[in-house]
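Engineer: As they're listed, the protein sequences go chains E and P. Remember, my numbering sits 1018 above the position in the first sequence when you count from 1. Remember, my numbering sits 1018 above the position in the second sequence when you count from 1. I have a structure I would like to understand better, so I am pasting it below and will then ask my questions one at a time.
Protein chains: 2
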Amino acid sequence: MTEKIIEYVEKFVKLTDDERQQIGHCFKEVKIKKRQFIVQPNFTTKHRNYVYKGAFRAFVVGDGGQDHTINFAIDDWWITDYNSYIFQQPATMFVVALEDSVILQIDYETEQELKRQNHKFETFFRIIAERGLAFQQRRIISNLIHTAEERYENYVSKYPQIVQRVPQYALASFLGMTTEFLSRIRNKRVTKKS
Amino acid sequence: MTEKIIEYVEKFVKLTDDERQQIGHCFKEVKIKKRQFIVQPNFTTKHRNYVYKGAFRAFVVGDGGQDHTINFAIDDWWITDYNSYIFQQPATMFVVALEDSVILQIDYETEQELKRQNHKFETFFRIIAERGLAFQQRRIISNLIHTAEERYENYVSKYPQIVQRVPQYALASFLGMTTEFLSRIRNKRVTKKS
DNA sequence: TATTAAAAATGAAGTAGTTTAAGAAATTCG
DNA sequence: CGAATTTCTTAAACTACTTCATTTTTAATA
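Structure (structure tokens):
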């Protein structure tokens, strides 16, 4: 089951058999039931999570109680509260399973050790951080430039697999709109004026 | 002048004298005049830029011609179109000097070589990518959770030095609102109803 | 397979933020 | 310095999106 992680890492750095073994052993398989939390506010996030199978949602709860989706992750994606994980400080986010799922977890200390021991692993984590950064940058741009409807259309065309698997209210809060408004966009029946 | 870069790098990884020399030589000092561009759409971004002294703004131009500020950078910050730089593909952003400035540039190939040669440099770039990622994450959260006024207040209290140095229209477009609306917030004179 | 709970749809009324336009203030630079 | 350009302000009309309240649909679980 850790083969998928190894395969993933090898997209970015070539490994020897020993190294493949080594990194494989650092990840633990964990089964997560639907609605179960893997990250909660005020607890320091101890793991970086690779989704082997399933779907997750990261969100924060605003002062008014409304929740805002920060990220989704389905098969072959990573999910974590990065501010909590990389600085080892209390989380502000929740991460919850949207389906029964299987994840592969590496813990913080183990990851540090891997990076310290072997240049290649350092490279791997550098690359995924850079790609994450570039990805977030694109999202910020999209949110600044586009209207709610455009954001939805873009997201559907880029990530149809995610749109199919996540509830509408979660998608709406990810795209920065209410579930009612997204419902209206989807049904192309925009409020008419009085 | 490259001493500031070395000092910066040493916040994250300890270097030998040789290494200090080595990284110092990789950065070239460049003077940039106000209104001069250092990144332009359709050109592949060849450099990562450290602002030694001055102020820059990264922005994209939307379909309607409105511009949207993606980032600011003043003394001791980095700025670049990361999607262009890390994937070495054509930029979508402009990066322009808001003041006469001095930057220290490393070019893509040199950076790759540094990371390849020495684990410590790889670690350094991994750390700044991770921190950048965490930073962007906080910005996405702030944009989703807060109203225009709250975003402004938060930004002022977190980055007063930047607020003082950048023009209002640029700050407004960074915070995702119009310059007119920001003007109203600042002058606390909200539109009254008829 | 009925029952309850959760999610989505719909409409009407409200509001945060935009647009347009025009004048005032501040910077730039010849 | 003085003219030109850029930036900021103000106000009124407008609109994209929200809020609230209710109903319908779908999914979960006994």
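For every residue, glycine included, the Cβ atom is placed at its ideal position computed from N, Cα and C.
For a quick check, are the C-beta atoms of Lys1022 (chain E) and Asp1118 (chain E) less than 8 Å apart?
Structural biologist: No, these two residues do not count as a Cβ contact at 8 Å.
Engineer: If you run the structure through DSSP and keep just helix, strand and coil, what is Val1047 (chain E)?
Structural biologist: The sequence given here has Glu at residue 1047 (chain E), not Val. Here Glu1047 (chain E) sits in strand by DSSP.
Engineer: In terms of residue numbering, what span does the beta strand (DSSP E) encompassing Val1078 (chain E) cover?
Structural biologist: From DSSP, the beta strand (DSSP E) with Val1078 (chain E) extends over Ala1073 to Val1079.
Engineer: Would you decide whether Val1208 (chain E) is buried or exposed? Buried here means 16 or more other CB atoms lie within 10 Å of its CB.
Structural biologist: Residue placement at Val1208 (chain E) cannot be trusted, given a pLDDT of 45 that sits under 50; the coordinates are not used to answer.
Engineer: Tell me whether Ser1191 (chain P) is buried or exposed, calling it buried when 16 or more other Cβ atoms sit within 10 Å of its Cβ.
Structural biologist: So Ser1191 (chain P) counts as buried.
Engineer: In terms of residues, what are the limits of the beta strand (DSSP E) holding Phe1153 (chain E)?
Structural biologist: Run containing Phe1153 (chain E): none in the beta strand (DSSP E); it sits in the alpha helix (DSSP H), His1137 to Ile1163.
Engineer: 8 Å is my cut-off, CB to CB: does Arg1183 (chain E) come that close to chain P?
Structural biologist: Cβ-Cβ to chain P under 8 Å: no for Arg1183 (chain E).
Engineer: Report the neighbours of Thr1197 (chain E) on chain P: residues whose CB is nearer than 7 Å to its CB, in chain order.
Structural biologist: By Cβ distance, chain P contributes nothing, its closest Cβ being about 14 Å from Thr1197 (chain E), past 7 Å.
Engineer: Can you tell me which of E:Asn1101, E:Asn1136 and E:Arg1066 puts its alpha carbon nearest to the alpha carbon of Ile1121 (chain E)?
Structural biologist: Ranking the options by Cα distance to Ile1121 (chain E), first place goes to E:Arg1066.
Engineer: If the cut is a Cβ gap below 9 Å, which residues of chain E does Asn1161 (chain P) touch?
Structural biologist: Ordered by position in chain E, the residues that pass the 9 Å Cβ test against Asn1161 (chain P) are Ile1158, Asn1161, Leu1162 and Gly1194.
Engineer: Could you pull the DSSP bridge partners for Pro1108 (chain E) from this structure?
Structural biologist: Per DSSP, E:Thr1062.
Engineer: Classify Phe1090 (chain E) as buried or exposed, calling it buried when 16 or more other Cβ atoms lie within 10 Å of its own Cβ.
Structural biologist: Phe1090 (chain E) should be labelled buried.
Engineer: How far does the beta strand (DSSP E) with Leu1122 (chain E) in it extend, from its first residue to its last?
Structural biologist: Ser1119 to Asp1125 is the span of the beta strand (DSSP E), which, as asked, contains Leu1122 (chain E).
Engineer: Taking a Cβ distance cut-off of 7 Å, strictly less, list which residues of the region 1118-1132 of chain P are near chain E, in chain order.
Structural biologist: The residues in question: there are none.
Engineer: By the criterion of Cβ-Cβ separation under 9 Å, what are the contact partners of Phe1030 (chain E) in chain P?
Structural biologist: Near Phe1030 (chain E) there are no residues of chain P at all, since even the closest Cβ is about 12 Å away, more than 9 Å.
Engineer: Hey, is the region 1092-1112 of chain E in contact with the region 1054-1062 of chain E, meaning 3+ C-beta pairs nearer than 8 Å?
Structural biologist: Segments in contact, yes.
Engineer: Is there at least one Cβ from chain P nearer than 8 Å to Asn1101 (chain E)'s Cβ?
Structural biologist: At least one chain P Cβ lies under 8 Å of Asn1101 (chain E).
Engineer: Measure the C-alpha to C-alpha separation of Arg1169 (chain E) and Asn1161 (chain E) and round it to an integer number of angstroms.
Structural biologist: When rounded, the distance between both Cα atoms is 7 Å.
Engineer: Check the C-beta distance from Ala1076 (chain E) over to Ala1147 (chain P) and give it rounded, since I have them as a contact under 8 Å.
Structural biologist: Contact doesn't hold; Cβ gap of about 19 Å is too wide.
Engineer: Our contact map puts Ile1092 (chain E) next to Ile1180 (chain E) with C-beta atoms below 8 Å; I'd like the distance itself, whole angstroms only.
Structural biologist: So it is a contact: roughly 6 Å between Cβ atoms.
Engineer: Which residues in chain P sit within 9 Å of His1065 (chain E), going by Cβ to Cβ distance?
Structural biologist: By Cβ distance, chain P contributes nothing, its closest Cβ being about 15 Å from His1065 (chain E), past 9 Å.
Engineer: Among the candidates E:Leu1200, E:Ile1163 and E:Met1195, whose CA atom is the shortest distance from the CA of Gln1084 (chain P)?
Structural biologist: For Gln1084 (chain P), the nearest C-alpha among the options comes from E:Ile1163.
Engineer: Alpha carbon to alpha carbon, how far is Val1031 (chain P) from Ile1041 (chain P)?
Structural biologist: If I take the Cα positions, the gap works out to 12 Å.
Engineer: Using 8 Å for Cβ pairs, my map puts Phe1045 (chain P) next to Thr1020 (chain P). What's the rounded Cβ distance?
Structural biologist: At roughly 5 Å, the Cβ-Cβ gap stays under 8 Å, so Phe1045 (chain P) and Thr1020 (chain P) are in contact.
Engineer: If the cut is a Cβ gap below 8 Å, which residues of chain P does Arg1169 (chain E) touch?
Structural biologist: By Cβ distance, chain P contributes nothing, its closest Cβ being about 12 Å from Arg1169 (chain E), past 8 Å.
Engineer: How long is the line joining the alpha carbons of Ser1212 (chain E) and Thr1098 (chain P), rounded to whole angstroms?
Structural biologist: Confidence at Ser1212 (chain E) is low in this model, with a pLDDT of 29, below 50, so the placement of that residue is unreliable and no value is reported for it.
Engineer: Quick check on DSSP: helix, strand or coil for Thr1087 (chain P)?
Structural biologist: If DSSP states are grouped into helix, strand and coil, Thr1087 (chain P) belongs with the strands.
Engineer: Tell me, please, which residues DSSP counts as bridged to Tyr1068 (chain P).
Structural biologist: Answer is P:Trp1096 and P:Leu1122, bridged to Tyr1068 (chain P).
Engineer: Tell me the DSSP secondary structure of Val1057 (chain E) in three-state form.
Structural biologist: Val1057 (chain E) falls in the strand class under three-state DSSP.
Engineer: What residue does the alpha helix (DSSP H) around Lys1022 (chain E) start on, and which one ends it?
Structural biologist: Unbroken alpha helix (DSSP H) run through Lys1022 (chain E): Glu1021 to Glu1028.
Engineer: Can the beta-carbon of Leu1200 (chain P) be found closer than 8 Å to that of Gln1182 (chain P)?
Structural biologist: Cβ distance not < 8 Å, so Leu1200 (chain P) and Gln1182 (chain P) don't count as in contact.
Engineer: Cys1138 (chain E): buried (16+ other C-beta within 10 angstroms of its C-beta) or exposed?
Structural biologist: The sequence shown places Lys at residue 1138 (chain E), rather than the Cys named in the question. Classification of Lys1138 (chain E): buried, given that the 10 Å Cβ count is 16 or more.
Engineer: Leaving out five residues on either side along the sequence, give the residues of the same chain with a beta carbon under 6 Å from the beta carbon of Val1174 (chain E).
Structural biologist: Contacts found: Val1181.
Engineer: May I ask you to list, following chain order, the residues of the region 1075-1091 of chain P that have a beta carbon less than 7 Å from some beta carbon of chain E?
Structural biologist: Here the close residues are Val1078, Gly1080, His1086 and Ile1088.
Engineer: Could you give the distance in angstroms between the alpha-carbon of Tyr1103 (chain E) and the alpha-carbon of Glu1140 (chain P)?
Structural biologist: Each residue's alpha carbon lies about 20 Å from the other.
Engineer: Below 7 Å on C-beta distance, what does Glu1148 (chain P) contact in chain E?
Structural biologist: Those within 7 Å of Glu1148 (chain P) in chain E are Ile1104 and Ala1147.
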